[in-house]
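If you're matching them up, the sequences are chains D and X in order.
The letter at position 105 of the first sequence is residue 556 when you use the numbering used here, and the numbering goes up by one with no holes.
The letter at position 12 of the second sequence is residue 45 when you use the numbering used here, and the numbering goes up by one with no holes.
These notes are about the structure you will find just below.
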Amino acid sequence: GNSVTQMEGPVTLSEEAFLTINCTYTATGYPSLFWYVQYPGEGLQLLLKATKADDKGSNKGFEATYRKETTSFHLEKGSVQVSDSAVYFCALSQNTGNQFYFGTGTSLTVIP
Amino acid sequence: DGGITQSPKYLFRKEGQNVTLSCEQNLNHDAMYWYRQDPGQGLRLIYYSQIVNDFQKGDIAEGYSVSREKKESFPLTVTSAQKNPTAFYLCASSISSGRIDTQYFGPGTRLTVL
């Protein structure tokens, strides 16, 4: 079956620290992988995506590389800001019905 | 501006009452989805619709119903049969469900049962 496992939070970092949020997946075939971000009280916003192995998605200083050999899609940012405080969701999608499978979310708090 | 709107933002209902959550999109997307979000559990799929007048159950459809009479609209009814309806409900859409495509989310409705 399809599933996503991401590191549990909450994660608390100081401003300008390096961020890694781990995400691994189980899937049949060749899924696309996504990171979404959710700010308090809001819906999810697409942060970045990758559609095939070795692709790197990037946006707003965040990056993630689709690693088929390790079935991973870890999210990284070199220098976090207070405004990055949010919940981050890793997700995968397969062709059939475009159904998404989400991880449980990782809460990030960045302190000044 | 194109996007997805959900209303109301906050909804309160008494036990035993049905309640309908609105979801509208003007993105001309074919596919629409309803998710439920509970703390620490991520998102779980309730129902999805690939085209007008057609919809499929997701992982937790019991106690919920939907309709898709128009392409732009996909309302969700939380019935009295849903045992624990207090949650944050998110609607999403994508261009098509026939291929992998980004899902775009609305701002959500927080339902509280009193």
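From the three backbone atoms N, C-alpha and C, an ideal C-beta is built for every residue, glycine too.
Since the structure is predicted, the reported quantities are computational estimates derived from the model, not experimental observations.
Partners in chain D for residue i, counting only beta-carbon separations shorter than 9 Å
i: residue 134/X; result: 483, 544, 549
i: residue 138/X; result: 487, 489, 493, 494, 495, 496, 497
Neighbouring residues, chain X, relative to residue i (Cβ below 8 Å)
i: residue 564/D; result: Residue 564/D lies beyond the residue range present for chain D, which begins at 452 and ends at 563; the question has no answer from this structure.
i: residue 500/D; result: 135
i: residue 469/D; result: What residue 469/D touches in chain X: nothing, since even the nearest Cβ is about 25 Å away.
Residue i - partner residues in DSSP beta bridges
i: residue 512/D; result: For residue 512/D, which the question treats as bridged, DSSP gives no partner whatsoever.
i: residue 75/X; result: 71/X
i: residue 50/X; result: For residue 50/X, which the question treats as bridged, DSSP gives no partner whatsoever.
i: residue 81/X; result: 66/X, 89/X
Proximity to residue i [Cα-Cα], best of the options
i: residue 184/X; options: 105/X, 117/X, 139/X; result: Outside the shown range of chain X, which is 34 to 147, sits residue 184/X, and nothing can be said about it.
i: residue 456/D; options: 498/D, 522/D, 481/D; result: 522/D
i: residue 506/D; options: 493/D, 496/D, 495/D, 520/D; result: 520/D
i: residue 481/D; options: 551/D, 538/D, 503/D; result: 503/D
Listed by chain order, chain D residues near residue i by CB distance under 8 Å
i: residue 141/X; result: 492, 493, 494
i: residue 109/X; result: Within chain D, no residue comes near residue 109/X; the closest Cβ sits about 14 Å away, beyond 8 Å.
i: residue 123/X; result: 494, 495
Partner residues on chain D for residue i, Cβ-Cβ distance less than 7 Å
i: residue 78/X; result: 550
i: residue 127/X; result: 549
Unbroken beta strand (DSSP E) run spanning residue i, endpoints
i: residue 87/X; result: 87-90
i: residue 478/D; result: Where residue 478/D is concerned, there is no enclosing beta strand (DSSP E), given that its DSSP letter is neither H nor E.
Of all the residues that make up the region 508-534 of chain D, which are near chain X by a beta-carbon distance shorter than 7 Å?
-> none
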